[in-house]
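S.K.: In the working numbering, the protein residues as written are 142 to 435. Don't be surprised by glycine CBs; every beta carbon is placed ideally from N, CA and C. Here the structure is a predicted model, which is why all the values come from computation and not from measurement. Quick one: the structure is below, and I'll ask about it shortly.
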Amino acid sequence: MLLLKGKTIIITGSGRGIGKSVAIACAKEGANVGLTARTLDELNEVKDEIINLGIGVRVSVKTADVTKYEEIEDAFKIFHEDLGEFNGVIANAGYSRMWNSHEFDSNKFSEIMSINVSGVFFAFKAAYHYLKKDDKNNKSRFITTGSAAFTNPMPKLAAYTASKYAVVGLQNALALEYKKENITFNMVLPTQVDTRMLRGSKAGDGNKPPSVMNPQELNDYYLFLLSNNANKTDNALIFTNDFNEVRNLISKAPLVKRENWEVFKPYLEEIAPKIYSNVKKLGRLVEFLINSTE
Ligand SMILES: NC(=O)c1ccc[n+]([C@@H]2O[C@H](COP(=O)([O-])OP(=O)(O)OC[C@H]3O[C@@H](n4cnc5c(N)ncnc54)[C@H](OP(=O)(O)O)[C@@H]3O)[C@@H](O)[C@H]2O)c1
């Protein structure tokens, strides 16, 4: 049984990088997807890739700039007409520039805040009326792509760091405000990923440093959050570094220690106490990773 069969998932920034990878992963799991970014050619390539999988899911494409509310509103209206009520929205579009802060172009600072913070808020605001809210056993998911820059600020990335701290605050507030409306709010916080944002035109050239992840390595975190397994997961921050390490430990664990979270839990606590303490609240995700590990 496909994990997201018949669900409708909308993904911003899905023309390339992480958003593209997640969009394809959702479609492979049977979801109908709404794709948006500013570059039509890239969106159409993703659409073609999904259609060519032959799964029979529906794909709707509409360009929009996430900093312009009317454009996002228009795109989401079209997605609703094409695909019906939304089960999940992934606010993933993002942008970054690295430079000395005292010389940083002031307009660039505003642009980064606008894309990375207002863009997430606008995506929620535009999606709200289209999100399914009538079933507590099948809640709507609003997922943000954050960054490990939250808790690990980096020099020359002040604007980006500020924006990724801001979206955590935004999530905290939205999760409280909509607690009774069957919408959950969760975030995936990657470290370095082999995309144009990090490696420019070298993205995907096969020469990434080993510490840099492939976008596809993030898919399971989004799939978990969108799946029924995460119906009760709310206001979680998924730091991908910790869970990648958990994955690594799962693959090396003796079979009897990785049957499920209950047996893996004491084993993990013993061999990696710090990682255990970082991930223990997200046992359902660890269980999901156990089940997806060969
Ligand atoms: N790569 C990393 O190392 C890394 C690490 C941590 C977190 N992240 C986060 O991951 C998310 C995705 O980034 P990525 O690494 O996949 O970068 P990417 O390959 O550059 O993709 C960014 C996507 O966002 C879209 N986008 C940018 N500005 C937009 C705007 N104003 N309106 C609408 N769409 C816009 C881009 O399309 P158009 O340009 O066509 O609009 C593109 O589809 C971002 O939120 C980023 O902060 C990335």
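Can you tell me whether DSSP reads F245 as helix, strand or coil?
M.R.: Here F245 sits in coil by DSSP.
S.K.: For M328, list the residues DSSP reports as bridge partners.
M.R.: According to DSSP, which records beta bridges pairwise, M328 is partnered with T285 and L378.
S.K.: Which stretch, first to last residue, makes up the beta strand (DSSP E) that contains G197?
M.R.: Looking at the DSSP string, G197 is not in any beta strand (DSSP E), and its letter there is neither H nor E.
S.K.: Flag E183 as yes when its Cβ comes closer than 7 Å to any non-hydrogen atom of ligand 1, and as no otherwise.
M.R.: Yes, the beta carbon of E183 sits closer than 7 Å to at least one heavy atom of ligand 1.
S.K.: To the nearest angstrom, report how far apart T144 and R238 are at their CA atoms.
M.R.: Correcting the residue identity first, residue 144 is Leu in this sequence and not Thr. Going from the Cα of L144 to the Cα of R238 covers about 36 Å.
S.K.: Examine ligand 1 and report whether any of its heavy atoms sits within less than 7 Å of the Cβ of R238.
M.R.: Incorrect: R238 has no Cβ contact closer than 7 Å to ligand 1.
S.K.: In three-state terms, what does DSSP make of V353?
M.R.: If DSSP states are grouped into helix, strand and coil, V353 belongs with coil.
S.K.: If I'm right that V200 touches I191 with Cβ under 8 Å, what's the distance once you round it to whole angstroms?
M.R.: So it is a contact: roughly 5 Å between Cβ atoms.
S.K.: Say the cut is 7 Å; is the CB of T174 nearer than that to a heavy atom of ligand 1?
M.R.: The question names Thr, but residue 174 in the sequence shown is Val. Every heavy atom of ligand 1 is 7 Å or more from the Cβ of V174, so no.
S.K.: Can you give me the C-alpha to C-alpha distance between G156 and A299, rounded to a whole angstrom?
M.R.: Taking the straight line from one Cα to the other gives about 26 Å.
S.K.: Using 10 angstroms around the beta-carbon of D335, count the other beta-carbons present and answer buried if the total reaches 16, otherwise exposed.
M.R.: Classification for D335: buried.
S.K.: Please go through the same chain and pick out, in chain order, the residues whose beta-carbon is closer than 8 Å to the beta-carbon of N401, but skip the five residues on each side of it.
M.R.: Closer than 8 Å at Cβ, skipping near neighbours: E428 and I431.
S.K.: Counting along the chain, where does the alpha helix (DSSP H) carrying V163 start and finish?
M.R.: First-last of the alpha helix (DSSP H) with V163: G158 to K169.
S.K.: To which residues of the same chain is A371 closer than 6 Å at the C-beta, ignoring the five residues directly before and after it?
M.R.: Only F365 meet the Cβ criterion.
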